[in-house]
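Here my numbering is used: the first residue of the sequence shown is 21, the next is one more, and so on.
For every residue, glycine included, the Cβ atom is placed at its ideal position computed from N, Cα and C.
The structure displayed is predicted, hence computed values, not measured ones.
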Amino acid sequence: GRGKGASAKKSVSRSAKAGLQFPVGRVARYLKVGKYATRVGAGAPVYMAAVLEYLCAEVLELAGNASRDNKKTRIVPRHIQLAVRNDEELSKLLSEVTIANGGVLPNIHQVLLPKKTGKEKA
Numbered sequence: 021g022r023g024k025g026a027s028a029k030k031s032v033s034r035s036a037k038a039g040l041q042f043p044v045g046r047v048a049r050y051l052k053v054g055k056y057a058t059r060v061g062a063g064a065p066v067y068m069a070a071v072l073e074y075l076c077a078e079v080l081e082l083a084g085n086a087s088r089d090n091k092k093t094r095i096v097p098r099h100i101q102l103a104v105r106n107d108e109e110l111s112k113l114l115s116e117v118t119i120a121n122g123g124v125l126p127n128i129h130q131v132l133l134p135k136k137t138g139k140e141k142a
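See the structure below:
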């Protein structure tokens, strides 16, 4: 048969072909092993990896902004919590999720704030 001659090609991962950072092969394996369906199409793990990568990038972007706002260089769970809860769509997606060490959004109800008595000239 044909040996590994001059035309020996380096294998290219499916992630590289799709231009993704997330592992397409691993997602495919999890889909198969998880018994979500009897068969898994070729495009399904690529699409799923792309969606996961997008969501991860979105959360990291917002959490990075939150950490910069707090004058920190490292993203901690608190920054992820602030990022997710301040974003309407992510907050809806992760409404049932508890982020460990995330804390809560700073919020004081209007009724509890001190009343403005006296007529002040602005």
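Which value, in whole angstroms, describes the spacing of the CA atoms of residue i and residue j?
i, j, result
"Leu40", "Lys136", "55 Å"
"Asn127", "Leu133", "11 Å"
"Ala36", "Ala77", "17 Å"
"Asn121", "Gln130", "26 Å"
"Lys91", "Ala28", "51 Å"
"Asn85", "Thr58", "42 Å"
"Glu109", "Leu75", "11 Å"
Where do the ends of the alpha helix (DSSP H) carrying residue i lie?
i, result
"Glu108", "Glu108 to Leu113"
When we look at the beta-carbon of residue i and count the other beta-carbons within 10 Å, is it buried (16 or more) or exposed?
i, result
"Val32", "exposed"
"Val104", "buried"
"Val53", "exposed"
"Val117", "exposed"
Practice task
Inspect the CB distances between the stretch 62 to 74 and the stretch 89 to 105 and report whether three or more fall short of 8 Å.
Solution key: With the cut-off at 8 Å, the stretch 62 to 74 and the stretch 89 to 105 do not touch.
Exercise for the section: Taking only runs that begin and end inside the stretch 30 to 71, name each unbroken alpha helix (DSSP H) of 4 or more residues, in chain order. Expected result: Whole alpha helix (DSSP H) segments, 4+ residues: 34 to 38 and 44 to 53.
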